[in-house]
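First up is the structure itself, then whatever we jot down about it.
Protein chains: 2
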Amino acid sequence: MARVLTPRAEDFPRWYQDVIAKAQLADNGPVRGTMVIRPTGYAIWERMQAEMDARIKAAGSENAYFPLFIPESYLRREAEHVEGFSPELAVVTHGGGKQLAEPVVVRPTSETVIGEFMAKWVDSYRDLPLLLNQWANVVRWELRPRVFLRTSEFLWQEGHTAHATEADARAYARKILHEVYEDFMVGVLGIPVLVGRKTAGERFAGATNTYTLEGMMGDGKALQMGTSHELGQNFARAFDITYSSATGGVEHAWTTSWGTSTRMLGGLIMCHGDDNGLRVPPRLAPVQAHVMIVKDGDGGALGSVAGAASKLRDALRDAGVRVGFDDRVDTPFGRRAVDAELKGYPVRVEVGPRDLAAGNAVLVRRTDGSKTPVAVPDVVASVLAALEADQQALYDEALKLRLDRTVTVGTLADAIEASATGWASVPWSEVGPAGEKEANGQGVTVRCLIRADGSVPDSEDEPELQAILARAY
Amino acid sequence: MARVLTPRAEDFPRWYQDVIAKAQLADNGPVRGTMVIRPTGYAIWERMQAEMDARIKAAGSENAYFPLFIPESYLRREAEHVEGFSPELAVVTHGGGKQLAEPVVVRPTSETVIGEFMAKWVDSYRDLPLLLNQWANVVRWELRPRVFLRTSEFLWQEGHTAHATEADARAYARKILHEVYEDFMVGVLGIPVLVGRKTAGERFAGATNTYTLEGMMGDGKALQMGTSHELGQNFARAFDITYSSATGGVEHAWTTSWGTSTRMLGGLIMCHGDDNGLRVPPRLAPVQAHVMIVKDGDGGALGSVAGAASKLRDALRDAGVRVGFDDRVDTPFGRRAVDAELKGYPVRVEVGPRDLAAGNAVLVRRTDGSKTPVAVPDVVASVLAALEADQQALYDEALKLRLDRTVTVGTLADAIEASATGWASVPWSEVGPAGEKEANGQGVTVRCLIRADGSVPDSEDEPELQAILARAY
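Here the protein sequences come in this chain order: A and B. The opening position of the first sequence corresponds to residue 1 in full-length UniProt numbering, with each subsequent residue numbered one higher. The opening position of the second sequence corresponds to residue 1 in full-length UniProt numbering, with each subsequent residue numbered one higher.
In structure tokens:
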């Protein structure tokens, strides 16, 4: 068979671009740094949205929609925020054929405009907490774009909440971190993210504390899969989000924000993909079982094969399986099989005249490539078992990689060296802000700080923290 | 009770703004013409999306996502298209701190950028039809903005398809018109839309044929609720969307586009709303039954009331009803009831100590305001029956209005006069392009052309067509 993809070991970044092109996940847009998400890629994003959205709503947040255009002056109200985002802004100077009196920016994120409305809507402590989320596009001009990972426009959800106390804001930022993000990434994406706290140097512009979920990609690099921020009273002061307390005083609220984006599609590819293409974890997959009709060599008996295949499709659908169906018998089977592998459908059910004559269909599992004849009446049960097992198998494989390629070292120099091939865990006391700068100079970043027991610290000044250093996307 | 809303008869536009503000559906955004869709409004939009999206997928289209930013040069490739949209464009001139070599426009619609990619993806007749849809925001600079109806940024779905023949393109544009749009608007929104064909003067910029769905609002004006366009080969020529046919020749494809937007929220308000607020048809409603705890006058027995209310909530949920729950007993009940009316929940289930002592809860139906004590074990069945009946009742009421306020006349002059209070049906032969201009000069437009039997014409040159004239939003 002709080589479809560049092997990962040969050139990982080229393999990544190959998968995106050949599996028809996305294209580059005409304006530099933008992307077109094709139906195969978008169907995965829709599944991510559905799973995330249910968790966000279960955590009590409600969806809303705020404008794409933000007055430039809003960004300037929070000093760190404007400093962080200014270099990445797209600016609209003309509208309706006229130059605008005040230029507007295309939102890079929405803390400012949402802060403005929180100030209008919050009056008393009874209005808190105010828990909002939006699904939207945002724009951050990218100098070195890469599809899904860094694009000038991307799709995301951004949550924004206001609380009466710092403790309540912190608890909610952590609730989202664990109950929404970690639960989804571990349980559905099958990615064993490391959950920790960003250093002051890596915080979101305007935050007092940033939590992060870091995934290890197939080449040992890190990808920030999502973040949850405590914003302290910074935005509440800048936008005057105040409330009258139960005791009658007027207080500034405490706010949080948190986001995940189409970047997760990049993480999915780089965490689970192999040299034959994408592998989509069953719980996420838009197509979990792909029923394929195999044409008879001599062109006979296609009717009964098609009938048996349709019945299997319906039986799988009735059992709650998301089913694809491929009856394009005029296309060579080999090409269709390669396409199914590229797109990473967890299970293929091949129905052909020869196997059917023996009462069988063939189950092909994408995770390990195994092909097993299964008696037709047992297909549904076998598919369900395979989906369950392969969800776990992909997670286990990713966890093994992360453990194998994370080394515990004692010095900054060793950590930087170890970052060439994976992650390094080193005492934060050996690094500190000065060591962090040194590492940054060599393309290595502190991905997060964690406690010795793996839990998330409340401050970077806690004793005995471990820093995770790595190269990152 | 204090007057909450301006009565419709007193000032319909002010009533509309009042409903939007008091039901907390939306706010004006800081940049002129933009809007903030608040959770109550957005939940309705999410329900619209879910119902529409299922129908769009059933019609065979797949979701994708194309970039927000379009090179200015793309728009210029189709002469009518650029002429139609130029006055409404928002233009980005700076990105990443630098002036852009070529300014980019914020998409007002995506025929051009999608045409560019259709050209890349379509090779042979086997690649057709190519059926795409996207859910996205678009920007059209508005001089006279009105929330939901005309906003500088709005949310919508836009479908874009390419076909091998004109007949196939026409059949698909009509399939979307009837099986997606009409089916949704009639069956879910409960709006008896009139489906017809736009005149040449009212066509989408770049289309060869535009189909429309027109709803009558409470004041007798028309609202265009959605459109489906045949684009002929205009965009296929401009973007070189060609395919090799089965016989070996190279042909231009035939394309369509079709869209519906957050404007439907405006139509919902103005079609079904009354002087007490919004009335949301049950099949659309995010909250179909709103269970409210009524506080005892003397503060006693709240525990058992709360228990009974929770049980009713769970029983309704188990029966597949979308349930809201209001246990804010510290807020005066009158205020909570007014809020529920404003937001238009189809059924309220009031659970209080006095009725409960008699074994009852009280069902309040938003459609007709009726209040009925119902034995607790019968509540679920009564709610289901009320939801079914009130879906029909709202449709019937809207249809009656449309029929009552549509008059059939014989001359253009009579049609223009009748448009002051409703719709006029007049022979198209009495109007024609010249009469259409005359009507336009007096604020009246030809909403659509229909055949005598109510069906949709293939051409505006068919004999015996009726023109529907009205004032419109």
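Built from N, CA and C at the ideal position, the CB exists for glycine as well. Note that the structure is predicted; figures quoted are calculated from it, not measured.
About 7 Å separates the CB atoms of Lys295 (chain A) and Phe333 (chain A); that is less than 8 Å, so the two are in contact. Of the candidates B:Glu417, B:His163, B:Ala452, B:Glu230, B:Glu417 places its Cα closest to the Cα of Leu469 (chain B).
A straight-line Cα-Cα distance of about 10 Å links Gly249 (chain A) and Thr242 (chain A).
Gly454 (chain A) is classed as exposed because its beta carbon has fewer than 16 other beta carbons within 10 Å across all chains shown.
The criterion of a C-beta distance shorter than 8 Å is satisfied by Ala319 (chain A) and Val380 (chain A). With a threshold of 8 Å between beta carbons, Asp27 (chain A) makes contact with chain B.
Collapsing the DSSP output to three states places Tyr211 (chain A) in a strand. CA-CA distance, Ala385 (chain B) to Leu356 (chain B), rounds to 21 Å.
Straight through space, the alpha carbons of Phe85 (chain A) and Val305 (chain A) are spaced by roughly 59 Å. Put simply, the CB of His94 (chain B) is near chain A, with a gap under 8 Å to one of its CB atoms.
For a Cβ distance threshold of 7 Å, residue set Gly95, Gly96 of chain A lies close to Trp141 (chain B), ordered along the chain. Annotation: Pro67 (chain B) is outside any beta strand (DSSP E) and is labelled neither H nor E by DSSP.
Counting only runs of 4 or more residues that sit fully inside the region 26-60 of chain B, the alpha helix (DSSP H) segments are 39-58, in chain order.
Linking Met52 (chain B) to Ala23 (chain A) through their CA atoms gives a straight-line distance of about 28 Å. Segment contact: the region 166-173 of chain B against the region 226-236 of chain B, three or more CB-CB distances shorter than 8 Å; contact assigned.
Assigned with DSSP and collapsed to three states, Ala101 (chain A) falls in strand. Going by DSSP, Thr255 (chain B) is part of the beta strand (DSSP E) stretching over 254-261. In this structure, Leu284 (chain B) and Ile37 (chain B) do not form a Cβ contact; the two beta carbons are roughly 16 Å apart against a cut-off of 8 Å. In the DSSP assignment, Gln157 (chain B) forms a beta bridge with B:Trp135, B:Thr260. In this model, Gln49 (chain B) and Arg146 (chain B) are separated by some 22 Å (Cα to Cα). Counting along the chain, no beta strand (DSSP E) covers Gln17 (chain B); the unbroken alpha helix (DSSP H) around it starts and ends at 12-22.
Counting only runs of 3 or more residues that sit fully inside the region 79-130 of chain A, the beta strand (DSSP E) segments are 90-95, 98-106, in chain order. At a cut-off of 8 Å, the C-beta of Ile269 (chain A) has no neighbouring C-beta in chain B. The residue from B:Ala200, B:Arg402, B:Ile269, B:Gly410 with its alpha-carbon nearest to that of Glu80 (chain B) is B:Ala200.
The secondary-structure analysis by DSSP pairs Ile293 (chain A) across a beta bridge with A:Val351.
Its Cα nearest to that of Asp219 (chain A), the residue A:Cys271 stands out among A:Ile176, A:Glu46, A:Cys271, A:Lys175. Within the same chain, and ignoring the five residues on either side of Ala315 (chain B) in sequence, the residues whose Cβ sits closer than 8 Å to its Cβ are Val379, Val380. The Cβ of Leu149 (chain B) sits no closer than 8 Å to any Cβ of chain A.
Counting the other CB atoms within 10 Å of its CB gives Glu111 (chain A) a total of 16 or more, which places it among the buried residues. Between Tyr74 (chain A) and Val106 (chain A), the gap from beta carbon to beta carbon reaches 8 Å or more. Taking CB atoms only, Met35 (chain B) has a neighbour in chain A less than 8 Å away. Residue pairing of Ala375 (chain B) in beta bridges, as defined by DSSP: B:Asn360. An exposed status is given to Pro87 (chain A), since fewer than 16 other beta-carbon atoms sit within 10 Å of its beta-carbon. Spatial neighbours of Val431 (chain A) in its own chain (CB-CB distance under 8 Å, excluding positions within 5 residues in sequence) are listed in chain order as Leu412, Ala415, Ala439, Val446, Ala467, Leu469. Residue pairing from DSSP leaves Pro457 (chain A) without any beta-bridge partner. Asp339 (chain A): member of the alpha helix (DSSP H) spanning 333-343, first to last residue.
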